[in-house]
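Trainee: Take this structure first; my questions come after.
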Amino acid sequence: MNEKPLIVENIEKSFGSVQALRGVSLELERGQIYGLIGPDGAGKTTLMRIIVTLLNQDSGKILFQGKDAQKQTAFVRKNIGYMPQRFSLYPDLTVEENLHFFSDLFGVATQVQAQRIERLYQFSRLEPFKDRRAEALSGGMKQKLALSCMLMHEPSVMVMDEPTYGVDPVSRAELWDILKELAGQGKSILVSTAYMDEALLCDRIALIFKGQLLASGTPQELRRTITHALYLIKTQKAHYVFQELRRHFPETDCHLFGEGVHLLDRQNTGLSKIRQMLEQNKLPFESVQQIEPGIEDVFLDLIHRREVEP
Amino acid sequence: MSNNNTVEVKELTKKFGGFTAVDRVTFQVKKGEIFGFLGANGAGKTTTIRMLCGLLLPTAGWASVGGFDVFTQQEQIKQHIGYMSQRFSLYEDLTVRENIEFYGGIYGLSRKEIKQKSEELLDYLNLSDRSDTLTAELPLGLKQRMALSTALLHEPEIIFLDEPTSGVDPESRRQFWLLIYELAAQGKTVFVTTHFMDEAEYCQRISIMQNGRIIELDAPQKLKEKYQASSMQEVFLKSIGEKPK
């Protein structure tokens, strides 16, 4: 099969006067983890619902393994795994009963179910809890069960809407390990998240904001879109230093971070002059150093550019 | 209790039957401090917070919140704290004004106070001309500032924030933290629980809970040095991994 698992072409969708998607395009390769990164309300869920044929686009096209998704909904649904944000596990069924239930729903033959469940237990480590009712699972375990239910019919393409939302850092790391393993087996995964730090775990990402893709590429490529030097001014009084800095530099170049202030040096002020300025103004700081931009820096920069260039 | 601490917790313990959810936890939070509370699901975080909010009676130990005893003065505690959870605290199908009035009522403000506070708040949020808009129609960043403001209607000294900025865009997140820093500078004590490690970075001190105990408590920077980690995510995983059960 040489067809790409998923091609999204210029999708537009409005709800009344709200333009939820304004021409979104992306391509998912086989074995790839593609991250859709953006805040709530950016259009991530709408796009995913259109891809899995739960919602029709106003215009644009989805090609699923070379076939027009809108025309071949049955084919799409059979071969895609969709994990919505609130997955409807049956709370009063046990872990194993849920797995059987969703297998039956997707017409998985009874003979192969046991074998698949066995395999899924290996990576989900849910076996010790197989007789526990789904409602009694922790958030992280629920997500792993939801993921397992989705995998029972062995979809080749997976669409997951914020699977790590509300999941603690340990379980989140576990979930990402599982996604990596699945991609390694050749599954193609489109996953959305509002957590910028998860972007670096994807092979390719698209930053989505107000219904538009601001940029897409590998995390490395996106980091390189910041062409000016970026400095971290480390300080315990980040908010104070931030507010003072904004008097000396354009507001859009200074950003508050937990450990200090990021200064994007669009005006080529240079390290020594920045340090001088901090000292002259008696601003408390521990160090100034040039740093690699993170995805959040990229996002802030793109939002800014979007506002400048209409 | 020394004057500087708004929250003092000593050997606080909560047992549910034979299960010890919170196990002799001790810490202090200073007035005007931004204190982050981290832990995996089931570590005892929520149980601790519920005790500190006067919603759950401890089994043993001692704690005081805003000068009130968690065993005997639960009602006073509730009147002196604010609580905000980013995704759940506003009623989407009430208008902006109705939400403010509703929370004013919940917090027991008089009609007169509610009226006055509503105007102040609408003015502060720049929402005076949109007071009859359904809350659902506001942009998320604004909704979140509104949620915080309603949690402050009764002028609490201590504010509990649950994942306050998850899901908001990076620009709005920063505006929100600036607001938090301002509140702290005014002397409010801010308690943040989160799974979101970027958020933890904004706190002045962090505690990490595991199996009902606090296993780490320090400034994010210090913890990163201790674990030679580049991010709080790394600190978290290393600290949890290194301490055996």
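Going down the list, the protein sequences come from chains A and B. Numbering of the first sequence is given in my numbering, commencing with residue 1274 and proceeding in unit increments. Numbering of the second sequence is given in my numbering, commencing with residue 2 and proceeding in unit increments. The beta-carbon is built from N, C-alpha and C at its ideal position, and this holds for glycine as well. Note that the structure is a prediction, hence the values are computed from the model and not measured.
Could you check which residue in 1296/A, 1279/A and 1404/A has the C-alpha nearest to that of residue 1354/A?
Mentor: Numbered from its first residue, the first sequence carries residue 1354/A at position 81. Residue 1279/A is the option with its Cα nearest to residue 1354/A.
Trainee: To which residues of the same chain is residue 1412/A closer than 8 Å at the C-beta, ignoring the five residues directly before and after it?
Mentor: As a position in the first sequence, residue 1412/A is number 139, starting the count at 1. Cβ neighbours of residue 1412/A beyond the five flanking positions: 1439, 1440, 1441 and 1444.
Trainee: Near residue 142/B, which residues of its chain fall below 6 Å by C-beta distance, leaving aside the five closest residues on each side in sequence?
Mentor: Position 141 of the second sequence, counted from the first residue, corresponds to residue 142/B. So the list reads 169 and 173, once near-sequence residues are dropped.
Trainee: Taking the alpha-carbon of residue 61/B as reference, which of 26/B, 200/B and 83/B has the nearest alpha-carbon?
Mentor: Mapped onto the second sequence, residue 61/B falls at position 60. Comparing Cα positions, the closest option is 26/B.
Trainee: Go ahead and label residue 2/B buried or exposed: buried means 16 or more other beta carbons lie within 10 angstroms of its beta carbon, across all protein chains shown.
Mentor: Locating residue 2/B in the second sequence gives position 1, counting from the first residue. Residue placement at residue 2/B is poorly supported in this model, since its pLDDT is 46, which falls under 50; the coordinates are not used for a value here.
Trainee: Output needed for residue 153/B: all residues of its chain with C-beta closer than 6 Å, excluding positions within five of it in sequence on either side, in chain order.
Mentor: Your numbering for residue 153/B matches position 152 in the second sequence. These residues qualify, in order along the chain: 83.
Trainee: Whose C-alpha, out of 1287/A, 1372/A and 1528/A, is nearest the C-alpha of residue 1516/A?
Mentor: The residue you call residue 1516/A lines up with position 243 of the first sequence. Selected option, being the one with the closest Cα: 1528/A.
Trainee: Tell me, please, whether the CB atom of residue 1522/A is closer than 9 Å to any CB atom in chain B?
Mentor: Residue 1522/A sits at position 249 when you count from the first residue of the first sequence. No, because no Cβ of chain B sits closer than 9 Å to the Cβ of residue 1522/A.
Trainee: Out of 145/B, 125/B and 164/B, which one is the CA nearest neighbour of residue 47/B?
Mentor: Along the second sequence, one-based indexing puts residue 47/B at 46. Selected option, being the one with the closest Cα: 164/B.
Trainee: What residues in its chain sit with their C-beta under 7 Å from that of residue 245/B, if we drop five residues either side in the sequence?
Mentor: Position 244 of the second sequence, counted from the first residue, corresponds to residue 245/B. Low per-residue confidence applies at residue 245/B: pLDDT is 37, beneath 50, and the placement is therefore not dependable, though the value from the model is reported in the following sentence. Around residue 245/B: no qualifying Cβ.
Trainee: Can you list the residues of chain C that residue 237/B reaches, using a CB-CB cut of under 7 Å?
Mentor: This model lacks chain C altogether; the protein chains it does include are A and B.
Trainee: Starting from residue 167/B, find everything on chain A with Cβ-Cβ shorter than 9 Å and list it in chain order.
Mentor: In the second sequence, counting from the first residue as 1, residue 167/B sits at position 166. Within chain A, the residues near residue 167/B are 1313, 1438, 1439, 1467 and 1468.
Trainee: Using DSSP with H/G/I as helix, E/B as strand and the rest coil, what is residue 199/B?
Mentor: As a first step, residue 199/B is located in the second sequence; it is residue number 198 there, counting from the start. Three-state DSSP puts residue 199/B in a helix.
Trainee: Taking only beta-carbon atoms, is residue 241/B less than 9 Å away from chain A?
Mentor: In the second sequence, counting from the first residue as 1, residue 241/B sits at position 240. Closer than 9 Å: yes.
Trainee: With three or more C-beta pairs closer than 8 Å as the rule, is the region 107 to 127 of chain B touching the region 61 to 73 of chain B?
Mentor: Touching, no, given that fewer than three Cβ pairs across the two stretches are closer than 8 Å.
Trainee: Given 8 Å as the limit, is there contact between the region 1483 to 1493 of chain A and the region 1291 to 1306 of chain A, that is, 3 or more CB pairs closer than that?
Mentor: Segments in contact, yes.
Trainee: Taking the beta carbon of residue 1284/A as the centre, do at least 16 other beta carbons fall within 10 Å, making it buried, or is it exposed?
Mentor: One-based indexing of the first sequence puts residue 1284/A at position 11. Answer is buried; the Cβ neighbour count reaches 16.
Trainee: For residue 1395/A, count the other beta carbons within 10 Å of its own beta carbon; 16 or more makes it buried, fewer makes it exposed. Which is it?
Mentor: The count along the first sequence starts at 1 and reaches residue 1395/A at position 122. Burial call: exposed.
Trainee: Cβ closer than 7 Å: which chain A residues qualify as neighbours of residue 34/B?
Mentor: Here residue 34/B corresponds to residue number 33 of the second sequence, with the count starting at 1. Simply none; closest approach about 12 Å.
Trainee: Figure out for me which residue from 1379/A, 1296/A, 1305/A and 1313/A has the closest Cα to the Cα of residue 1454/A.
Mentor: Within the first sequence, numbered from 1, the residue matching residue 1454/A stands at position 181. Selected option, being the one with the closest Cα: 1305/A.
Trainee: Just the chain A side, please: which residues come within less than 7 Å of residue 141/B by C-beta, in chain order?
Mentor: As a first step, residue 141/B is located in the second sequence; it is residue number 140 there, counting from the start. Chain A residues near residue 141/B: 1312, 1313 and 1314.
Trainee: Please report how far the alpha carbon of residue 1431/A lies from the alpha carbon of residue 1333/A, in whole angstroms.
Mentor: Position 158 of the first sequence, counted from the start, is the residue given in the question as residue 1431/A. Position 60 of the first sequence, counted from the start, is the residue given in the question as residue 1333/A. Each residue's Cα considered, the two are about 21 Å apart.
Trainee: Could you compute how far the alpha carbon of residue 1539/A sits from the alpha carbon of residue 49/B?
Mentor: Here residue 1539/A is taken as the residue at index 266 of the first sequence, counted from 1. Here residue 49/B is taken as the residue at index 48 of the second sequence, counted from 1. Cα to Cα, the separation comes out at about 46 Å.
Trainee: Here's the rule: buried if 16 or more other CB atoms are within 10 angstroms of the residue's CB, otherwise exposed. What is residue 240/B?
Mentor: Within the second sequence, the letter at position 239 stands for residue 240/B. Buried, since its Cβ has 16 or more Cβ neighbours within 10 Å.
Trainee: How many Å lie between residue 132/B and residue 144/B at the Cα?
Mentor: Position 131 of the second sequence, counting from 1, holds the residue named residue 132/B. Position 143 of the second sequence, counting from 1, holds the residue named residue 144/B. Answer to the nearest angstrom: the Cα atoms are 12 Å apart.
Trainee: Let's test the definition: count the other Cβ atoms within 10 Å of the Cβ of residue 17/B and tell me whether it reaches 16, buried, or not, exposed.
Mentor: By 1-based counting over the second sequence, the position of residue 17/B is 16. Exposed: under 16 other Cβ atoms inside 10 Å.
Trainee: Drop a sphere of 10 angstroms on the beta-carbon of residue 1477/A, count the other beta-carbons inside from all chains shown, and report buried for 16 or more, exposed for fewer.
Mentor: Against the first sequence, residue 1477/A aligns to sequence position 204. When all chains shown are included, residue 1477/A counts as buried.
Trainee: Does residue 198/B have its Cβ less than 9 Å from a Cβ in chain A?
Mentor: In the second sequence, the residue the question calls residue 198/B occupies position 197. With 9 Å as the cut-off, residue 198/B counts as an interface residue toward chain A.
Trainee: Of the residues 123/B, 202/B, 70/B and 210/B, which one's Cα is nearest the Cα of residue 231/B?
Mentor: Locating residue 231/B in the second sequence gives position 230, where the first residue counts as 1. The candidate whose alpha carbon is nearest that of residue 231/B is 202/B.
Trainee: Residue 1576/A touches chain B at which residues, Cβ-Cβ below 8 Å?
Mentor: In the first sequence, counting from the first residue as 1, residue 1576/A sits at position 303. Chain B residues near residue 1576/A: 170, 171 and 172.
Trainee: Rounding to the nearest angstrom, what Cα-Cα distance links residue 1500/A and residue 221/B in this structure?
Mentor: For the purposes of this step, residue 1500/A is taken as residue 227 along the first sequence, with counting starting at 1. For the purposes of this step, residue 221/B is taken as residue 220 along the second sequence, with counting starting at 1. Rounded to the nearest angstrom, the two C-alpha atoms are 29 Å apart.
Trainee: Kindly indicate which three-state DSSP category residue 147/B falls into: helix, strand or coil?
Mentor: To locate residue 147/B, count along the second sequence from 1; it is residue 146. If DSSP states are grouped into helix, strand and coil, residue 147/B belongs with the helices.
Trainee: Counting only C-beta atoms, is residue 246/B closer than 9 Å to chain A at any point?
Mentor: Stepping through the second sequence from its first residue, residue 246/B is reached at position 245. Because residue 246/B sits at a pLDDT of 34, beneath the cut-off of 50, its placement in the model cannot be relied upon, and the following sentence gives the value as read from the coordinates. By this cut-off, residue 246/B is not an interface position.
Trainee: Determine which residues share a DSSP beta bridge with residue 1533/A and list them.
Mentor: Counting from 1 along the first sequence, the entry for residue 1533/A is found at position 260. In the DSSP output, where bridge partners are listed per residue, residue 1533/A has 1507/A and 1530/A.
Trainee: Look up residue 25/B in the DSSP assignment and say whether it is helix, strand or coil.
Mentor: Looking up residue 25/B in the second sequence gives position 24. Looking at residue 25/B - three-state DSSP - the assignment turns out to be strand.
Trainee: Short of 7 Å in beta carbon distance, which residues of its chain neighbour residue 20/B, apart from the five on each side in sequence? Order them along the chain.
Mentor: Locating residue 20/B in the second sequence gives position 19, where the first residue counts as 1. Nothing meets the Cβ criterion.
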